[in-house]
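So the structure is just underneath, and the comments pick up after that.
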Amino acid sequence: QSQELSQVQIDYHAALQTLLEDGTRMVCTGRMHTDRICRFESLCYSTEAEEFIYFHSNSSVMLPNLGSRRFQPALLDLSSVEDHNTQYFNFVELPAAALKFMPKPVFVPDVALIANRFNPDNLMHVFHDDLLPIYYTMQQFTDLDPETRLFFMEGWSEGVHFDLYKLLSNKQPLLREQLKTLGRLLCFTKSYVGLSKITTWYQYGFVQPQGPKANILVSGNEIRQFTKFMMQKLNVSLEESSSEEYIVVFSRTINRLILNEAELILALAQEFQMKTITVSLEEHSFPDIVRLISNASMLVSMHGAQLVMSLFLPRGATVVELFPYAINPEHYTPYKTLATLPGMDLQYIAWQNTAREDTITYPDRPWDQGGIAHLDKAEQERIIKSTEVPRHLCCRNPEWLFRAYQDTKVDIPSLIHVIRQTVKSKPGTKKKWSGSLYPGKVRDARCQASVQGTSEARLSVSWQVPWNLKYLKVREVKYEVWIQEQGENTYMPYILSHQNHTFSENIKPFTIYLVWIRCIFNKNLLGPFADVLLCST
Ligand code: UDP
Numbered sequence: 087q088s089q090e091l092s093q094v095q096i097d098y099h100a101a102l103q104t105l106l107e108d109g110t111r112m113v114c115t116g117r118m119h120t121d122r123i124c125r126f127e128s129l130c131y132s133t134e135a136e137e138f139i140y141f142h143s144n145s146s147v148m149l150p151n152l153g154s155r156r157f158q159p160a161l162l163d164l165s166s167v168e169d170h171n172t173q174y175f176n177f178v179e180l181p182a183a184a185l186k187f188m189p190k191p192v193f194v195p196d197v198a199l200i201a202n203r204f205n206p207d208n209l210m211h212v213f214h215d216d217l218l219p220i221y222y223t224m225q226q227f228t229d230l231d232p233e234t235r236l237f238f239m240e241g242w243s244e245g246v247h248f249d250l251y252k253l254l255s256n257k258q259p260l261l262r263e264q265l266k267t268l269g270r271l272l273c274f275t276k277s278y279v280g281l282s283k284i285t286t287w288y289q290y291g292f293v294q295p296q297g298p299k300a301n302i303l304v305s306g307n308e309i310r311q312f313t314k315f316m317m318q319k320l321n322v323s324l325e326e327s328s329s330e331e332y333i334v335v336f337s338r339t340i341n342r343l344i345l346n347e348a349e350l351i352l353a354l355a356q357e358f359q360m361k362t363i364t365v366s367l368e369e370h371s372f373p374d375i376v377r378l379i380s381n382a383s384m385l386v387s388m389h390g391a392q393l394v395m396s397l398f399l400p401r402g403a404t405v406v407e408l409f410p411y412a413i414n415p416e417h418y419t420p421y422k423t424l425a426t427l428p429g430m431d432l433q434y435i436a437w438q439n440t441a442r443e444d445t446i447t448y449p450d451r452p453w454d455q456g457g458i459a460h461l462d463k464a465e466q467e468r469i470i471k472s473t474e475v476p477r478h479l480c481c482r483n484p485e486w487l488f489r490a491y492q493d494t495k496v497d498i499p500s501l502i503h504v505i506r507q508t509v510k511s512k513p514g515t516k517k518k519w520s521g522s523l524y525p526g527k528v529r530d531a532r533c534q535a536s537v538q539g540t541s542e543a544r545l546s547v548s549w550q551v552p553w554n555l556k557y558l559k560v561r562e563v564k565y566e567v568w569i570q571e572q573g574e575n576t577y578m579p580y581i582l583s584h585q586n587h588t589f590s591e592n593i594k595p596f597t598i599y600l601v602w603i604r605c606i607f608n609k610n611l612l613g614p615f616a617d618v619l620l621c622s623t
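Quick note on numbering: the sequence shown equals residues 87 to 623 in the working numbering.
Written out as structure tokens, the structure reads:
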């Protein structure tokens, strides 16, 4: 990968002339700063001021043109973490004529994707906040091809997982610090600023206690398309399913330890009659971990960022997350949410240490490793006595950190018991993906009414199967019909197996009914309602 920018030959004089005459052009998607991504031509950056610059000229474009709302609070989020006040993007404005008094611009010929990494030293953050969003932002805009240059503006150094970021494009990503070595005024010929949030599934608790995002838009399919790409780049091939089945224990070696790991491994091996191996980020290369996890039947680990590696588990595998004493598994669910995304097809099991004698606490460590010695005595006492960390906001809650960094002796019988409640026979029997395609609208819906005397009437309704049914193998096809008297708020629902039905219960003569019909595949795949039928008895 090459670091120098002079890959594509550009005519410097022509580029400068274009900048002077055309200025900056920006067109964005998204209605709010939290869902906005902007495409720029001739966006510049002053490495001295550490500011982006928008140059106005007769031909410049700024859409949206927000006026001062651009600062309320920002034009867009530079990271995929929503509305975080350390991650905002904006630019300062200058007339193009000011270029005459500025350092000579250095042009960046590569198409640039400009963004912030959120926490590049934590593997969960690396995948969830950066790698997946960058990958799918690049899928969204065709300009962002494999020759894209990534620019990370958060200001961190490479970090321990930089090799993973390098897999996303063929060019070496550049960090904010490195821009200074390129010049005082950089101008990006063509750039995209911001990241798609469409793949993120978790909010870390900055404004309300952490939990799954309110409106998750990603499924296991897109996650697995991404992991397939990563595995190709890492040169990890999927092995044949014929190879031996095994369990992986992902261990931490610095903190939040499993104290009886050897005993745990023996017990798992014996219970499930499978080879059981341990891996850790400290002792294995990343490609080796991916290779091992991508063929495992079960992944067992303490709660922690390493569990994001369940991204790479095969369909049908089981994730077992171990929680230290006083930490309620329901309150910390980034990995549960991942494992249970529709189409991930993983089984998720949480185990919590409920025995105080099986935990080791570290009150004297520094605060960021869970120490509480800096708190007043009463508060220390309260924390030590407490049996559950109350819900809290990110990121410095001392009671949470104290409990999160405990070591745990795992009670083997209770762990095996909870796993056995879910995994009845052998784990990891790879279910074949059944697919979940939704029905189209029913077609040619009609109704016919007949009146019997002054108080009774019937309504015969018929319709044709959805158009896509003839191309599909569907186990069960049913129809839902709602009958609503015009002007009423309530309706009578029916589930039917055939394509016609005569309704006589509660049908009155000389009344107008609205009839809503939709098709249902396999009990839970609800199709759209067809256009409403108006039926007069
Ligand atoms: N980590 C690790 N072994 C350890 C402790 C941490 O591999 O013994 C990794 C962890 O997976 C994460 C990073 O170091 O990628 C930071 O860990 P931290 O405890 O701060 O975060 P958490 O795992 O609680 O998200």
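All C-beta atoms in this analysis are idealised placements derived from N, C-alpha and C, irrespective of residue type, glycine included. All of these numbers come straight from a predicted model, not from anything done at the bench.
Short of 6 Å from the beta carbon of residue 131, and not among the five residues preceding or following it, lie these beta carbons of its own chain, in chain order: 138, 272. According to the DSSP assignment, residue 347 belongs to no beta strand (DSSP E) but to the alpha helix (DSSP H) extending over 347-358. Close CB contacts of residue 546 within its chain, under the 6 Å cut and outside five residues either way in sequence, are with 534, 588 (chain order). Partner residues in the beta bridge of residue 111, as assigned by DSSP, are 127, 147. Residue pairing for residue 288: DSSP places it in a beta bridge opposite 298.
Secondary structure at residue 319: helix, using DSSP grouped into helix, strand and coil.
When C-alpha distances from residue 288 are compared across 140, 119, 426, the shortest belongs to 426. Counted as a single uninterrupted DSSP element, the stretch harbouring residue 138 is not any alpha helix (DSSP H) but the beta strand (DSSP E) occupying residues 137-142. Residue 458 and residue 466 have their C-alpha atoms spaced approximately 6 Å apart.
Short of 7 Å from the beta carbon of residue 560, and not among the five residues preceding or following it, lie these beta carbons of its own chain, in chain order: 607, 608. In this structure, the ligand UDP has no non-hydrogen atom nearer than 8 Å to the beta-carbon of residue 439. When secondary structure is reduced to three states using DSSP, residue 181 falls in the strand class. The C-beta of residue 266 has fewer than 16 other C-beta atoms within 10 Å across all chains shown, which makes the residue exposed. Within the same chain, and ignoring the five residues on either side of residue 304 in sequence, the residues whose Cβ sits closer than 7 Å to its Cβ are 284, 285, 287, 427.
In the displayed model, residue 396 falls within a helix according to three-state DSSP.
The C-alpha of residue 421 lies about 9 Å from the C-alpha of residue 390. When DSSP states are grouped into helix, strand and coil, residue 154 belongs to the helix group.
With a cutoff of 8 Å, residue 209 counts as near the ligand UDP, since its C-beta is closer than that to a heavy atom of the ligand. Here residue 123 is actually not in contact with residue 277; their C-beta atoms are around 11 Å apart, not less than 8 Å. 9 Å or more divides the Cβ of residue 316 from the Cβ of residue 333. Pairwise C-beta distances place the stretch 345-365 out of contact with the stretch 180-197, as fewer than three of them are shorter than 8 Å.
By the Cβ criterion, the stretch 392-404 is not in contact with the stretch 340-348, since fewer than three pairs of Cβ atoms, one from each stretch, lie closer than 8 Å. The continuous beta strand (DSSP E) containing residue 361 extends over residues 361-365.
In the DSSP assignment, residue 195 falls within the beta strand (DSSP E) that extends over 192-201.
For residue 603, the shortest separation between its Cβ and any heavy atom of the ligand UDP does not lie below 8 Å. Beta bridge pairing from DSSP links residue 276 with 127, 197.
With a cut-off of 8 Å on Cβ pairs, the stretch 291-302 is not in contact with the stretch 138-148, counting fewer than three such pairs. In the DSSP assignment, residue 486 falls within the unbroken alpha helix (DSSP H) covering 484-490. Membership of residue 459 in any alpha helix (DSSP H) is not indicated, and neither H nor E is assigned to it by DSSP.
Nearest Cα to residue 505 within the set 478, 568, 435, 551: 435.
Here the alpha carbons of residue 236 and residue 199 stand approximately 5 Å from one another.
Here residue 531 carries a strand assignment [DSSP, helix/strand/coil].
Under the DSSP definition of a beta bridge, residue 132 partners with 137, 271.
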